[in-house]
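Start counting the sequence shown at 1; every next residue gets the next number (the UniProt record's numbering).
Glycine included, C-beta positions come from ideal geometry on N, C-alpha and C.
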Amino acid sequence: MTATLSPSAPAQPAPGPPGGRNALDSVPRWAWALGVVVLWVVVWALTKGTHTLTPAGREHTDVQTALGGFRDDVLAGRADNPVIQFTYDIGAWFTSVVDWFQRLVSIPDFPRPVPQIGWLGVTAVATWVGLAVAGWRIAVLVALSFVSFGAFGYWSDAIDLLIVTFVAVGVSVLIGMPLAVLVGTGNRAVNAVTNTVLDVFQTMPTFVYLLPIVLFFGIGAAGAVVCTLVYALPPIIRIAGHGIRNVSTTTIEATDSAGQTWWQRLTKVQLPMARKTIVVGLNQTIMAALSMATIASYVDGPGLGQPVLDALVKNDVGGAFVPGALIVVMAVMLDRSTTAASEYSEKAARGGLDLGRRRIVLAAAAVPVLVALYVSRTYPWAAEFDDLGWTPKVADGVDGFFEWFTDTFRGFTQGFKDLISSVLLDPLQSLLAESPWWLAAGALLALAVVFGGIRAMVPTVVCIGGLLYFGLWHDAMVTLNMTLVGTVLVMLLAVVLGVAMARSRAVDVVLRPTLDAGQTIPPFVYLIPVLALFGPTRFTAIVAGVVYAAPVAIKLVADGVRAVSPSTIEAGRSTGSTRWQEIVKVQLPMARPSLVLAANQGLLYVLAMAVIGGLVGAGALGYDVVLGFARSEEWGKGAAAGISIVLLGIMVDRIARAAAHRSGAPAGR
């Protein structure tokens, strides 16, 4: 692996005929790419605005009409459809599990006017679990988090969201870890198929698959669990598989020489050595699940998403902020708990804990927990949290701050938006969307070949063909423009902040809660202030995408840089490397697989926000999806737009992966 990433002296080319293959290979790829772009710009200047395949009004293509007809046929025949009956049974099981937990801890269990276990008992048990698996600091964090749910008047909604999250994440881990092992130990063909399916899951707009989820699983808790599961499953598979796949081959070969079986290699070498990356994958699955809280409320799912939507309907930023902030509190609590639990168990395995003393402490702490359980089942004050009246005060304060902030900074933000639009967004969109379709398609294909070779050419041809087939080429190019700009901004932030987090514990402690907030607070909450600052434009959609996508990319870069071997870093320092040289010549090259994964996840998360962009004036494919969700007669076009978003994501991702593979990164394998 080191030899792959380390610079080496260039090999002398074998003599060949002038103008032969060796002469062509001597031209750097950036020169070929520059030539393609220059030729593209020249032809664009001569043909601008022709054959752009801009749709005329709301006319539908035959494919879009067929998609709408397919949905109508499924709706008409669902009573006799065995597949729908089977999925309804699965949905009924999800509903029964969620309902059982709700009656246990969050809603009245008839004939009792209160749950079986009240808020005091639930908080005590959760605190004890935090103490048992992660230590007293996490126990304090858990206790404060649970108390905040009740203090702000959202106890039942918060616990309902926790229940849906735990069910969805539990199923995600049960399904995802075996698939992660398959990805981490499988061959290239297995990875290619798996990556394509995961890309579809992560980039397909949630509004597109909400209707099929309702159709196949029903509304309420079942629909909420399934839509959360669909979005939360890919991170654990992709990131855990990445960790397993990148375990040192030297270590594996050394243990194989001892005659170990495949199972022993997996359980005693690969999984333990990939533990930190697997925990990152679990954390990202939890974050993804919580980020679906508001979307799940569209299918009548229980949780904090509904009060967020109710407040936003009334344009009440402060009222939406409080439940949105509680989602962030929940995310921080779960993120710190899972990370600390992993470190705690690793420390215990090394013998770094006094297990006898720990058992005594846990046994002593169990006594007040049992008392709290009894009290919460007996006394009303310990069963239902009294409203302390904090929410209106906080909401008023947030509204006041929001008005001051927007009035103060609107001029600056408008100028910044105009600068980025005129310098970057407008020229790139004109080149992509106002080129004839054959020119843009040919240029994209040529760039794919230059950067990724045949490995990138095949998926690019398929995806371009799909975009043309579904009849939304022009809208796809507008969306591609916003996606490329957003992904570049995300990766700039990821490299700068990820390296800082990996090299400084203090920076990590300060930034991680902010990243959790950006990833889990419902986009609808921060869209209102962003709209006030930037207006309903493409730039607003890009800002929303960057806020949502940057946290996961930053965490992945930090994890990759942090995982670079200390001996490798010391070897670089021994040669007199400066701090800058250590970063750019040692840590970043050695962490290249994580950088590729971060770019992949950043791209997919930016694309996942395309629908939100459609709600704030960005138009293009995001608006097509929103229109299809809002009007049944437009569903076919909305579905075609959702599939087109997936095709865009796969195309750009495969080009990036092939380019990384060609330059020596193993990420593509």
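Checklist line | Local Cβ density within 10 Å of I236, reported as buried at 16 or more and exposed below that | finding: The residue is buried, with at least 16 neighbouring Cβ atoms inside 10 Å.
Notebook entry, point to check: Between which two residues does the alpha helix (DSSP H) harbouring N600 extend?
Noted result: R592 to A608
Next item on the list: Return helix, strand or coil for M204, following the three-state DSSP convention.
Entry: coil
Next item on the list: May I ask you to verify whether the segment 554-563 touches the segment 521-528, counting CB pairs closer than 8 Å and requiring at least 3?
Entry: no
Check: I think residue 692 touches V478, with their Cβ atoms under 8 Å apart; what is that distance to the nearest whole Å?
Finding: Since the first and last residues shown for the chain are 1 and 669, residue 692 lies out of range.
Item checked: Buried or exposed (CB count within 10 angstroms, at least 16 for buried), A23 -> Low local confidence applies: a pLDDT of 49 at A23 is under 50, so the model's placement there is unreliable, and no value is given.
Notebook entry, point to check: Can at least three beta-carbon pairs, one atom from the segment 601-613 and one from the segment 201-218, be found at a separation below 8 Å?
Noted result: yes
Item checked: Beta-carbon gap between D387 and D316 smaller than 9 Å -> no
Note to self: Along the chain, where does the alpha helix (DSSP H) containing S148 start, and where does it finish?
What the structure shows: Residues W136 to A151.
Check: Taking M287 as the reference, which of R265, M330 and P307 has the closest Cα?
Finding: Minimum Cα-Cα distance from M287 among the listed residues R265, M330 and P307 corresponds to M330.
Margin query: So the candidates are R455, V462, G356 and S297; which of them puts its Cα closest to the Cα of A659?
Written below: From the listed residues R455, V462, G356 and S297, the smallest Cα separation to A659 is found for R455.
Notebook entry, point to check: Helix, strand or coil: which one does DSSP assign to A456?
Noted result: helix
Check: Is it true that the segment 581-591 meets the segment 165-185, where meeting means three or more beta-carbon pairs spaced less than 8 Å apart?
Finding: no
Check: Candidates A192, D99, E403 and G602: which alpha carbon is nearest V167's?
Finding: V167 has its Cα closest to that of D99, out of A192, D99, E403 and G602.
Margin query: Assuming Y88 is part of the alpha helix (DSSP H), what are its boundary residues?
Written below: P82 to V105
Next item on the list: Count the other C-beta atoms from every protein chain shown that fall within 10 angstroms of the C-beta of I645, then say buried if there are 16 or more, exposed otherwise.
Entry: buried
Next item on the list: Below 8 Å on the Cβ atoms is my guess for A618 versus R538; work out the distance and round it to an integer in Å.
Entry: 5 Å
Check: Three or more C-beta pairs closer than 8 Å, one from the segment 267-282 and one from the segment 291-298: is that the case here?
Finding: no
Check: Run through DSSP, which three-state label would P113 get?
Finding: Correct three-state label for P113: coil.
Next item on the list: Taking I175 as the reference, give the member of L282, L472, S430 and A364 with the closest Cα.
Entry: When each option's Cα is compared against that of I175, the closest is L282.
Item checked: Simplified DSSP state of N195, which is helix, strand or coil -> helix
Next item on the list: Classify N187 as buried or exposed, calling it buried when 16 or more other Cβ atoms lie within 10 Å of its own Cβ.
Entry: exposed
Item checked: 8 Å Cβ shell around R265 - same chain, five flanking residues per side excluded -> Once the five neighbours on either side are set aside, the close Cβ partners of R265 are I252, T255 and D256.
Note to self: Starting from I542, trace the alpha helix (DSSP H) in both directions and tell me its first and last residue.
What the structure shows: Residues R538 to R562.
Margin query: Please report the straight-line C-alpha distance between residue 676 and S342, rounded to a whole angstrom.
Written below: Nothing can be reported for residue 676, as the shown portion of the chain is limited to 1 through 669.
Next item on the list: Please check the pair D475 and A641, which I expect to be a contact at CB under 8 Å, by giving their CB distance rounded to whole angstroms.
Entry: 7 Å
Item checked: L467 beta carbon less than 9 Å from that of M333 -> no
Item checked: With 16 other Cβ atoms within 10 Å as the buried cut-off, status of K637 -> buried
Check: Under three-state DSSP, which class holds L53?
Finding: coil
Check: What's the C-alpha gap between L304 and A502?
Finding: 33 Å
Margin query: Any contact between the segment 374-391 and the segment 111-128? By contact I mean 3 or more CB pairs, one from each, below 8 Å.
Written below: yes
Margin query: Starting from P392, trace the alpha helix (DSSP H) in both directions and tell me its first and last residue.
Written below: W390 to I420
Note to self: Is the beta carbon of W32 closer than 9 Å to that of L431?
What the structure shows: no
Next item on the list: Could you say which of Q64, K48 and T47 lies nearest to P55 if we only look at CA atoms?
Entry: Q64
Note to self: Closest to V308 by C-alpha separation, out of I521, I163 and V42, would be which residue?
What the structure shows: I521
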